[in-house]
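Chains A and B supply the protein sequences, listed in that same order. Just so you know, this note's numbering puts 177 at position 180 of the first sequence, and the rest follows in order with no gaps. Count along the second sequence from 1, then add 900; that gives the number in this note's numbering. From the three backbone atoms N, C-alpha and C, an ideal C-beta is built for every residue, glycine too.
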Amino acid sequence: MRRKSHKRQPPVASVNSTETRSRPEPASFLDVRELRIHFDTDDGLLRAVDGVSFELEQGRTLGIVGESGSGKTVTSLGIMGLHRSRRARISGEIWLDGEELLSAAPERIRQLRGQKMAMVFQDPMSALHPFYTVGAQITEAYQAHHPKTDRRTARDRAVEMLNRVGIPRADQRVDDYPHQFSGGMRQRALIAMALINDPSLLIADEPTTALDVTVQAQILDLIRDLQQEFGSAVILITHDLGVVAELAHDILVMYAGKCVEKGPATKLFTAPEHPYTWGLLGSMPRVDRAPQERLLSIPGNPPSLIRLPQGCAFHPRCPFADRNGEKSFTEVPELTGASDPGHQVACHLPPEERRRIFAHDVAPRL
Amino acid sequence: MAARRGPRRPAVTAYIIRRVVGAVFLLFAVTAITFAIFFLVPRLAGETSTQLAAQYVGRDPSPEALAAVEKNLGFDLPLYQQYWQFVQGIFAGRTFQYGPDPSYCQAPCFGYSFKTHLPVWPEIAERIPVTLSLAAGAAVIWVVVGVAIGVLSALKRGSLFDRLSMGVALAGVSLPIFFTALISLALFSYKWPIFENLRYVPLTEDPVLWAKNLVLPWVTLAFLYSALYARLTRAGMLETMGEDYIRTARAKGLTERRVVVRHGLRAALTPLVTIFGLDLGLLLGGAVLTETAFSLPGVGQYAVQAITDNDLPKIMAVTTLGGFFIVVANLIVDVLYVALDPRVRYS
């Protein structure tokens, strides 16, 4: 396992990084600072995650939102220490409960994985091993961190967890193979597997994307209930703002490997300040709108992470990029405080201009 | 929701019965095609049953003698009757009116050699242990070596070990057996006489000498297959280790060894079982090149002899036997799959 920590590297284009770096003790339960995950590819350096920072307390849910390829999954795999490619260059700091993960020994990370931090993946169809029973796979997760327990106890624990996540007749279904489970049940089983060791951090990476709409709601309810029950910190990764609206206390919007806006969920839904967030909100279909009304969509595609556009990475798709001279085309915007405390946005538009555009042009159409 | 739990035994039994029935049909098809190739095709090409009979009689036979042989061996009968007699001979034995006295040929009967006039089956039966010894020993070596190298190569992809072993594997796949066999003989039997006077000694007679004399053939044969299996295992492992369920296994916090062995290898090796079954079945029908190169009196060598002599009953027997081994190996693999891949149990 290769986890390279390049802490001595000078931070790239970040003014306040020296200040955050010098902070001796992490205040939050999970404290990610200036996380950079770059990959050496044959075409050049791919900046999948480029200086993302956030904090998360236990009992809170952080929603990370963005299009495919914005770096959401790469970020979460980085926290879990699951980037194994020799081409991955990881730098920054990840503090989990007072322990820095990027400089920790691989064996230590392995102990934390599945124990203190657990992850639920996007596609429940392929995330379970086809050759082993669901019960055996869940039991394995328990025994990996409780080597002294006998199989009977571990199995009972697996049945208990399957019960808890709402698998009917769990004591019988525990011996089923994954292909005998429906998609929703597999995702429940994976959640049971992730929660069996009572982790204090749960990362759910698009947990509902591959599921039917009716099942999606059930899974989200389940995650919320379990969080209230276990009090873990939850990172919910999704491209669907509707999903985070239900669950997240805080939201972080990612675009091209950077955080473009973050803040309390209520603020991001009522007073978003980044044009990209406006676009995301606008592309949410709503039933209370007239059917002939078109969704506000974001034109174009996410940029290549190897050759990012100059200046603000969003400028080629931003309808307001030319409102402040050349700045958006030449200068990378910093993440700075917005109108409310805890709300930050990376945009060159002057704050009052942003609020005016949102109030007049965007909000009426949402 | 239907009650679906635990392996459904009736489904498994039905699956196995289907496979066995299929295998029996396949065996019939093999004998029928073999028979057709050797009896129907010559006839279509204009050969008469008298010419066929002529091969059993000495030089310059009298027409009466020919006619007698033709009648006694049943060559004058319609082909389907001949085929039936052939099948009957295999399962129940048959009586030939060959020569002045009728002779009973015990099951499995493949008839008499054109050349020696001896029954074919005892000769083959004597040779099966030789081929079996060769194939089984080589199989053990190549599975262990091939899989080990393949796994290590996949895990250390792009490393010196990977490149080196894959280079050697490429050579192993490309070099023909008769070349590697002769090289190994030249080196280890003549230049450095470690394995001298190679001849087959039955296992029951002297296990040590049996093994010692088979080392070179084993290694030579296993070299080719190890190379093949190393490449297959490597490809399989690379594919499997990129699967989502491997990421899940790591996310659980399993040790890397457990991730590789229990989750990766298990999935990567299952398809290899199919190939292994076929390869072994094929070899049991006669490792022609290896047996010839090392002068091992096995089924393969017998087959070569039979073809050189144009000895039809022998060729028929060897071909049928080869088909039998492949069909049986396939059947075993199919049944084994029930245990290996739970998805088979339910489809």
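What are the start and end residues of the beta strand (DSSP E) that includes residue i?
i: K259(A); result: K255 to P261
i: S1003(B); result: S1003 to C1005
i: T995(B); result: R994 to F996
Excluding the 5 residues preceding and the 5 following residue i in the sequence, name in chain order all residues of the same chain whose CB lies nearer than 7 Å to its CB.
i: G228(A); result: Q55 and G56
i: V957(B); result: A965, L966 and V969
i: R304(A); result: none
i: P196(A); result: Q112, K113, M114, A115 and S229
i: S1013(B); result: V1020, D1211, P1213 and K1214
i: T205(A); result: Q213, I216, L217 and V240
i: Q1006(B); result: G993
i: I1232(B); result: G1177
i: N160(A); result: A167
i: Y1004(B); result: G993 and T995
i: P907(B); result: With a pLDDT of 49 at P907(B), under the threshold of 50, the modelled position of that residue is not reliable, and the figure given next carries that caveat. Only R1245 meet the Cβ criterion.
Going by the DSSP bridge assignment, what does residue i pair with across the sheet?
i: G60(A); result: L233(A) and I248(A)
i: V1115(B); result: Beta-bridge pairing links V1115(B) to no other residue.
i: R33(A); result: D47(A) and S88(A)
i: C344(A); result: According to DSSP, C344(A) bridges with nothing at all.
i: L1018(B); result: For L1018(B), which the question treats as bridged, DSSP gives no partner whatsoever.
i: V117(A); result: A201(A)
i: D28(A); result: E52(A) and W92(A)
Between residue i and the rest of its own chain, which residues show a CB-CB distance below 6 Å, the 5 nearest in sequence each way excluded?
i: R387(A); result: Only positions -2 to 363 of chain A appear in the structure, and residue 387(A) is not among them; the question remains open.
i: V257(A); result: V250, H271, Y273 and A343
i: P1008(B); result: I990 and W1021
i: I354(A); result: none
i: G66(A); result: P299
i: Q997(B); result: N972
i: A923(B); result: V1227 and L1231
i: D1234(B); result: R919
i: P1117(B); result: L1034, T1190 and F1194
i: G68(A); result: A45, V46, M251 and G254
i: M190(A); result: I135 and A138
i: V1160(B); result: none
i: V1045(B); result: S1126
Can you tell me where the alpha helix (DSSP H) with residue i in it begins and where it stops?
i: T156(A); result: The identity of residue 156(A) in the sequence shown is Val, whereas the question assumes Thr. V156(A) -> alpha helix (DSSP H) spans R148 to R161.
i: R170(A); result: A167 to R170
i: F1224(B); result: L1212 to L1240
i: D1179(B); result: R1166 to L1184
i: L966(B); result: P963 to N972
i: V941(B); result: V941 to L944
i: A335(A); result: No alpha helix (DSSP H) holds A335(A); DSSP gives it neither H nor E.
i: N956(B); result: First, the residue type needs correcting, since residue 956(B) is Tyr and not Asn in the sequence shown. Careful: Y956(B) lies outside any alpha helix (DSSP H) and carries neither H nor E.
i: H142(A); result: V131 to H142
i: E1191(B); result: V1188 to A1193
i: Q112(A); result: That residue, Q112(A), is in no alpha helix (DSSP H); it is neither H nor E in DSSP.
i: W275(A); result: P272 to G279
i: D1209(B); result: V1199 to D1209
i: I937(B); result: Careful: I937(B) lies outside any alpha helix (DSSP H) and carries neither H nor E.
i: Q184(A); result: G180 to L192
Hey, is residue i close to the ligand ZN, as in C-beta under 7 Å from one of its heavy atoms?
i: W1042(B); result: Among the components modelled here there is no ligand, and therefore nothing to report on the ligand ZN.
Verify whether the separation of the beta carbon atoms of residue i and residue j is less than 8 Å.
i: V330(A); j: C309(A); result: Note on residue identity: the sequence assigns Pro, not Val, to residue 330(A). Yes, the pair counts as a contact, with Cβ atoms nearer than the cut-off.
i: L1138(B); j: A1206(B); result: no
i: L973(B); j: F939(B); result: no
i: W1110(B); j: S1033(B); result: yes
i: L1114(B); j: G1037(B); result: yes
i: A141(A); j: K1152(B); result: yes
i: T235(A); j: V62(A); result: yes
i: A911(B); j: R1245(B); result: yes
i: W1042(B); j: A1122(B); result: yes
i: L223(A); j: L192(A); result: yes
i: P175(A); j: L125(A); result: yes
Beta-carbon within less than 8 Å of residue i's beta-carbon, same chain only, minus the 5 sequence neighbours each way: which residues are those?
i: S19(A); result: Reliability fails at S19(A), whose pLDDT of 46 lies under 50, so the model's placement of it is uncertain and the value that follows must be treated cautiously. For S19(A), where only same-chain residues beyond five positions count, there are no Cβ hits under 8 Å.
i: V1218(B); result: I1024, G1185, G1186, V1199, Y1202, A1203 and A1206
i: E97(A); result: E90 and I91
i: L1172(B); result: V1047, Y1129, L1132, T1133 and G1136
Could you work out which residues of chain E lie near residue i, taking near to mean beta carbons separated by less than 9 Å?
i: P127(A); result: No chain E is part of this structure, whose protein chains are labelled A and B.
Check your understanding: Between the region 1217 to 1226 of chain B and the region 1141 to 1150 of chain B, do three or more beta carbon pairs fall short of 8 Å?
Key -> no
Review point. Per the contact definition of three or more C-beta pairs closer than 8 Å, is the region 265 to 272 of chain A in contact with the region 93 to 104 of chain A?
Key: no
Check your understanding: Just checking, does the region 34 to 42 of chain A make contact with the region 80 to 89 of chain A on the three C-beta pairs under 8 Å criterion?
Key -> yes
Review point. Any contact of the region 228 to 239 of chain A with the region 157 to 177 of chain A, i.e. 3+ C-beta pairs under 8 Å?
Key: no
Practice item. Inspect the CB distances between the region 1168 to 1177 of chain B and the region 133 to 151 of chain A and report whether three or more fall short of 8 Å. Key: no
Check your understanding: Okay, do the region 1126 to 1134 of chain B and the region 1083 to 1100 of chain B touch, 3+ Cβ pairs below 8 Å being the bar?
Key -> no
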